[in-house]
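Single-structure report; data block below.
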Amino acid sequence: MPLTIAVTGLNRGENPQPGPGIIRSLQRRYSDLTIIGLIYDVLESGVYADDCADFIYHLPYPKAGHAALLARFDYLLTKHSIDIFFPTLDSEIRGLLRIENALADRGIKMLMPTRQSYEACCKSELAKLAERCGCQSPLTYSVVEVSGLRKAAHRIGYPLMVKGPFYGAYKVHTEGDMVERYHQIIAEWGGPVLLQRCVYGSEYDVIAVGDGQGGVGGWCTIRKTILSEKGKGFGGITIHDDKLDAIAFDIIRELKWRGPLELEFLKDDATNTYYLIEINPRFPAWVDFPSSIDRNLPALVVETLLHGTMDRLPPCEAGVFYVRHSVELTGRIDQLGQLSTSGELVCRGRGSRLPKEELAAVVG
Numbered sequence: 004m005p006l007t008i009a010v011t012g013l014n015r016g017e018n019p020q021p022g023p024g025i026i027r028s029l030q031r032r033y034s035d036l037t038i039i040g041l042i043y044d045v046l047e048s049g050v051y052a053d054d055c056a057d058f059i060y061h062l063p064y065p066k067a068g069h070a071a072l073l074a075r076f077d078y079l080l081t082k083h084s085i086d087i088f089f090p091t092l093d094s095e096i097r098g099l100l101r102i103e104n105a106l107a108d109r110g111i112k113m114l115m116p117t118r119q120s121y122e123a124c125c126k127s128e129l130a131k132l133a134e135r136c137g138c139q140s141p142l143t144y145s146v147v148e149v150s151g152l153r154k155a156a157h158r159i160g161y162p163l164m165v166k167g168p169f170y171g172a173y174k175v176h177t178e179g180d181m182v183e184r185y186h187q188i189i190a191e192w193g194g195p196v197l198l199q200r201c202v203y204g205s206e207y208d209v210i211a212v213g214d215g216q217g218g219v220g221g222w223c224t225i226r227k228t229i230l231s232e233k234g235k236g237f238g239g240i241t242i243h244d245d246k247l248d249a250i251a252f253d254i255i256r257e258l259k260w261r262g263p264l265e266l267e268f269l270k271d272d273a274t275n276t277y278y279l280i281e282i283n284p285r286f287p288a289w290v291d292f293p294s295s296i297d298r299n300l301p302a303l304v305v306e307t308l309l310h311g312t313m314d315r316l317p318p319c320e321a322g323v324f325y326v327r328h329s330v331e332l333t334g335r336i337d338q339l340g341q342l343s344t345s346g347e348l349v350c351r352g353r354g355s356r357l358p359k360e361e362l363a364a365v366v367g
């Protein structure tokens, strides 16, 4: 069955996005596949990879509003019959929840959480969620002004973490650094800004797909072994930890989560206690790692959307690791110019379906 799937987040640089991992996972499973890459920046590196998208289109930034986004999809549908859409960036989810039904009416399927589930896992609500699930989370305060910032810092103590609502997490040791990071986050992402007590220990991740009823269709649990300067996981190893898996499953059950998510934990070195740090409402950049060991979570999403029921995958084998590997990609200035002016680029390095107007010309 031929499929056309749209994916955002194509960057693989220092701050890698999930799109290329999702695409590679889908290519492992489906042979008759066309990938529509949706970008916000012409220098997203996946644009220029031979094994990434077949067609590239610009999207309006989320701040442009859901009407602009829906209008862009209406244009894309004049070019392609899009079956499934994988949003991959935190900043996209809220707006897409507003137009999920409108996209479904147009034949575009997504596996998304409910608005209630999404709101419950936002950073500012994480402590409440952890308390309901009986797990630990670091002391956290949500602030919207500098005076509240100082009060919260006095209660937490230094060093502490300063976090944005979508992106950005900075460890600060002084009030001056804290205020500087606060203003940086407000300028880039808006508020609220979160102040969080530091927990010292190893980082663990659980990636999963929820069925919307409290169950889990598939998951992979890792301990991060290599961290970049920005705290991104550039290496990890699969583990079996019944305690950690039980915590993750309790959270997913409480949320009745539908679709992909990533749960981030720190394990306190002194007490061996797991602390819930963040929940990301999408796949992480390392999503192709479990796919490479036959636990293909993006394909699980596709099969669920196509058939209406979710299979249950067995757990990943423990003791398998990944390391991130960087390569240089090349592009031409005319590609950059075309994307900048028209917002479109035909890559078609693989056996993909033609756009609708070209297909009509061939048939005619």
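Our numbering applies: residue 4 is where the sequence shown begins, and numbers increase by one. The beta-carbon is built from N, C-alpha and C at its ideal position, and this holds for glycine as well. Predicted, not measured: the structure shown is a model, and the values here were computed from it.
Check the C-beta distance from residue i over to residue j and give it rounded, since I have them as a contact under 8 Å.
i           : j           : result
residue 278 : residue 141 : 6 Å
residue 241 : residue 326 : No, residue 241 and residue 326 are not in contact; Cβ-Cβ is about 13 Å, not under 8 Å.
residue 115 : residue 103 : 6 Å
residue 15  : residue 49  : 6 Å
residue 282 : residue 124 : 4 Å
residue 347 : residue 59  : 7 Å
residue 293 : residue 201 : With a Cβ gap of about 29 Å, residue 293 and residue 201 do not count as contacting.
residue 211 : residue 21  : Contact flag wrong, Cβ pair sits at about 14 Å.
residue 7   : residue 86  : 5 Å
residue 132 : residue 254 : 7 Å
residue 296 : residue 320 : 6 Å
Helix or strand or just coil, what does DSSP make of residue i?
i           : result
residue 114 : coil
residue 40  : strand
residue 78  : helix
residue 47  : coil
residue 362 : Annotation note: pLDDT 44 at residue 362 (below 50); position unreliable, coordinate value reported separately. Three-state result, residue 362: helix.
residue 301 : helix
residue 289 : helix
residue 29  : helix
residue 140 : coil
residue 180 : helix
residue 367 : Reliability of the predicted coordinates at residue 367 is poor, the pLDDT of 42 falling under 50, and no value is obtained from them.
residue 8   : strand
residue 188 : helix
residue 199 : strand
residue 153 : helix
residue 279 : strand
residue 263 : strand
residue 218 : coil
residue 127 : helix
residue 16  : coil
residue 354 : Caution applies to residue 354, whose pLDDT of 43 falls short of 50 and renders its modelled position unreliable; the value that the coordinates give is listed next. Coil.
residue 312 : coil
residue 69  : helix
residue 336 : helix
residue 120 : helix
residue 57  : coil
residue 23  : helix
residue 145 : strand
residue 229 : strand
residue 205 : strand
residue 246 : helix
residue 52  : coil
residue 213 : strand
Give a yes or no on whether 8 Å exceeds the smallest Cβ distance from residue i to chain B.
i           : result
residue 299 : Absence of chain B from the displayed structure is noted, only one protein chain being present.
Could you tell me whether the Cβ atoms of residue i and residue j are closer together than 8 Å?
i           : j           : result
residue 145 : residue 127 : yes
residue 263 : residue 286 : yes
residue 12  : residue 99  : no
residue 165 : residue 173 : yes
residue 72  : residue 62  : yes
residue 252 : residue 219 : yes
residue 228 : residue 238 : yes
residue 199 : residue 143 : yes
residue 350 : residue 108 : no
residue 235 : residue 19  : yes
residue 221 : residue 309 : no
residue 55  : residue 25  : no
residue 261 : residue 213 : yes
Measuring alpha carbon to alpha carbon, tell me which of the options ends up nearest residue i.
i           : options           : result
residue 196 : 190, 202, 185     : 185
residue 368 : 226, 217, 231     : Any answer about residue 368 is impossible in this case: the structure gives the chain only from 4 up to 367.
residue 331 : 52, 253, 268, 148 : 52
residue 3   : 159, 345, 349     : Missing from the structure shown is residue 3; the chain here goes from 4 to 367 and no further.
residue 17  : 336, 328, 335     : 328
residue 175 : 120, 162, 309     : 162
residue 96  : 65, 171, 129, 32  : 65
residue 43  : 309, 5, 90, 187   : 90
residue 83  : 111, 69, 68, 67   : 111
residue 284 : 168, 187, 191     : 168
residue 23  : 280, 38, 261, 158 : 38
residue 5   : 28, 32, 36        : 36
residue 147 : 192, 30, 225, 122 : 192
Check: Can you find at least 3 beta carbon pairs, one from the stretch 196–207 and one from the stretch 293–306, that sit closer than 8 Å?
Finding: Verdict: no, contact absent.
Next item on the list: Determine, using beta-carbon pairs with one atom in the stretch 229–249 and one in the stretch 336–345, whether at least three such pairs fall under 8 Å.
Entry: Between the stretch 229–249 and the stretch 336–345, the count of C-beta pairs closer than 8 Å stays below three; the two stretches do not touch.
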